[in-house]
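Enquirer: Numbering (the working numbering), first residue to last: 7 to 127.
This is the structure, below, for whatever I ask next.
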């Protein structure tokens, strides 16, 4: 076997080990979500939000991005949209299929966490 083949195999094994290391510790290394949550306080009642969305039974799924809360509901008609806009001062509420997209700002990740905890009860 030539020296170049041995070097190529060793380099390939090193790259493979680095890749495995990155995949195993990906969540620990790049877990920005917890840092972004920080000590943010929610300046409204999440239970009021759940009530306006049509109670716990109407909520199927809750997801959040950095600035938006995405709530998938069973019946879109049960949501009181004018009250939602007025009470939480939301300008552009989007509705796509059965998903309501609420622009809550940077607290959306924290609101998602609280709503999911409420739904588990």
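Note that the Cβ used here is the ideal one computed from N, Cα and C, for glycine as well.
Quantities reported herein were computed from a predicted structural model and do not represent experimental measurements.
Which two residues bound the contiguous beta strand (DSSP E) that contains residue 70?
Expert: On the chain shown, position 64 is the one that residue 70 refers to. Residue 70 -> beta strand (DSSP E) spans 65-70.
Enquirer: Can you list, in chain order, the residues of its chain whose CB lies under 6 Å from that of residue 78, leaving out five sequence neighbours each side?
Expert: Taking the chain shown and counting its residues from 1, the one referred to as residue 78 is at position 72. Same-chain partners within the cutoff: 66, 67, 104, 105.
Enquirer: Thinking C-beta only, is residue 75 closer than 8 Å to residue 125?
Expert: The count along the chain shown starts at 1 and reaches residue 125 at position 119. The count along the chain shown starts at 1 and reaches residue 75 at position 69. Against a cut-off of 8 Å, the Cβ pair of residue 75 and residue 125 comes out as no contact.
Enquirer: Which residue from 98, 85, 9 puts its Cα closest to that of residue 63?
Expert: For the purposes of this step, residue 63 is taken as residue 57 along the chain shown, with counting starting at 1. That would be 85, whose Cα lies nearest to the Cα of residue 63.
Enquirer: Using the three-state DSSP reduction, which class does residue 100 fall into: helix, strand or coil?
Expert: Against the chain shown, residue 100 aligns to sequence position 94. Strand.
Enquirer: With a threshold of 16 other CB atoms inside 10 Å of the CB of residue 117, please say whether the residue is buried or exposed.
Expert: For this step, residue 117 is matched to residue 111 along the chain shown. Classification of residue 117: buried, given that the 10 Å Cβ count is 16 or more.
Enquirer: Taking all protein chains shown into account, decide if residue 51 is buried (16 or more other Cβ within 10 angstroms of its Cβ) or exposed.
Expert: If you number the chain shown from 1, residue 51 lands on position 45. With fewer than 16 Cβ atoms within 10 Å of its Cβ, residue 51 is classed as exposed.
Enquirer: For residue 75, which of helix, strand or coil comes out of DSSP?
Expert: As a working mapping, residue 75 is identified with position 69 in the chain shown. Strand, per DSSP.
Enquirer: Identify which residue in 12, 96, 110 has its Cα closest to the Cα of residue 71.
Expert: In the chain shown, the residue the question calls residue 71 occupies position 65. Closest option to residue 71, Cα to Cα, is 110.
Enquirer: Could you name the residues of the same chain whose beta carbon sits closer than 7 Å to that of residue 82, not counting the 5 residues immediately before and after it, in chain order?
Expert: As a first step, residue 82 must be located in the chain shown, where it is residue number 76. Excluding residues within five positions, the ones whose Cβ falls inside 7 Å are 101, 104.
Enquirer: Could you tell me how far apart the beta carbons of residue 48 and residue 120 are, in whole angstroms, since I believe they sit closer than 8 Å?
Expert: As a position in the chain shown, residue 48 is number 42, starting the count at 1. As a position in the chain shown, residue 120 is number 114, starting the count at 1. Contact holds; Cβ gap of about 7 Å.
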